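Residue numbers (the working numbering): -16 to 316.
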């Protein structure tokens, strides 16, 4: 067999592989640039098209999954807990997170929750739960100053210890019915997070337990079987607002609807009013795309794992110089 023929076949094979790899990289870069165009938390509802918002939701889904599977631990300057958001999920909380970041705060929400997963596991330890005071201290020591948590035992502890000087914000929707319908449409998200591969991640167990406490417990007033019942959810929504009002002194509580704009929030926090619009992100389009992405991961992960393993094997073989054998080169000729 002429060695030049074998070399030619091998060269064409390498060239074909290189082209495919280049096309793949271009697709990844294109997707990444589109994802980057949408801010963390979802594209702005008021200025973004349906396509951008949908792609933003997909991006958020993959981002959350990646952080659950491969937790990050960025270095943050220690601080203290200054604010607790006690509004239900889907009351503008993600937009509120974005607004707080613009004001210079460091909130811990869905994108950051894995950074305190171990604290949540200790707080929800069935035998020896971490005391509330220790939890809030360690939370601040991790570099976060805003806690998104509407658990009544934490609210009660803070109210009983005014020396910690923590304020509360109760985010709310225009109507309880709208909130109930919005939450019922995404309530299956907890079922997704309770599925493989997420339940195999030991560090995620504390987060999952905390989410169930809040979303299946408090948001249903202890009736998780009614977590998709719009009437029951609406009732829970109004009961929660009444209970929060009864627990927290008026000078420590701001009831806030994002449609009110920056002024009431900044007056309450004592910060300058930005000259930008109040952010509005993570609407139903974004959320549905996010949950669809997470749902896809729960059933497609074995295929993805095998595909990644195969791609890694191919790349390694190319790097160490294994090309097609002589018979393969003949067939390609």
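In this text, a Cβ means the ideal position worked out from N, Cα and C, and glycines have one as well.
Since this is a predicted model, take the numbers as computed values, not measurements.
With a 10 Å radius around its C-beta and 16 neighbouring C-beta atoms as the bar for buried, classify residue i as buried or exposed.
{"i": "residue 202", "result": "buried"}
{"i": "residue 73", "result": "buried"}
{"i": "residue 217", "result": "buried"}
{"i": "residue 95", "result": "buried"}
{"i": "residue 90", "result": "buried"}
{"i": "residue 55", "result": "exposed"}
{"i": "residue 182", "result": "exposed"}
{"i": "residue 231", "result": "buried"}
{"i": "residue 292", "result": "exposed"}
Grab the span of the alpha helix (DSSP H) containing residue i for me, first residue to last.
{"i": "residue 118", "result": "115 to 124"}
{"i": "residue 248", "result": "245 to 252"}
{"i": "residue 136", "result": "135 to 143"}
{"i": "residue 105", "result": "100 to 106"}
{"i": "residue 85", "result": "76 to 85"}
{"i": "residue 256", "result": "Per DSSP, residue 256 belongs to no alpha helix (DSSP H) and is neither H nor E."}
{"i": "residue 226", "result": "213 to 230"}
{"i": "residue 190", "result": "188 to 194"}
For the putative contact between residue i and residue j, defined by C-beta atoms under 8 Å, what is the C-beta separation to the nearest angstrom?
{"i": "residue 226", "j": "residue 215", "result": "Not really, about 16 Å apart at Cβ, beyond 8 Å."}
{"i": "residue 123", "j": "residue 62", "result": "5 Å"}
{"i": "residue 37", "j": "residue 178", "result": "No, residue 37 and residue 178 are not in contact; Cβ-Cβ is about 23 Å, not under 8 Å."}
Residue i lies in the beta strand (DSSP E); which residues open and close that run?
{"i": "residue 150", "result": "150 to 154"}
{"i": "residue 129", "result": "129 to 131"}
{"i": "residue 164", "result": "Here residue 164 belongs to no beta strand (DSSP E); instead the alpha helix (DSSP H) covers 159 to 169."}
{"i": "residue 68", "result": "66 to 68"}
{"i": "residue 239", "result": "236 to 239"}
Just to confirm, does residue i get its C-beta within under 8 Å of one of the non-hydrogen atoms of the ligand NAD?
{"i": "residue 53", "result": "Because no ligand of any kind appears in the structure shown, any question about the ligand NAD cannot be addressed here."}
State yes or no: is the C-beta of residue i within less than 9 Å of the C-beta of residue j?
{"i": "residue 213", "j": "residue 250", "result": "no"}
{"i": "residue 253", "j": "residue 153", "result": "no"}
{"i": "residue 41", "j": "residue 275", "result": "yes"}
{"i": "residue 109", "j": "residue 64", "result": "no"}
{"i": "residue 81", "j": "residue 297", "result": "no"}
{"i": "residue 149", "j": "residue 118", "result": "no"}
{"i": "residue 269", "j": "residue 98", "result": "no"}
{"i": "residue 126", "j": "residue 46", "result": "no"}
{"i": "residue 189", "j": "residue 133", "result": "no"}
{"i": "residue 317", "j": "residue 262", "result": "The displayed coordinates of the chain run from -16 to 316. Any statement about residue 317 would go beyond what the structure contains."}
{"i": "residue 211", "j": "residue 167", "result": "yes"}
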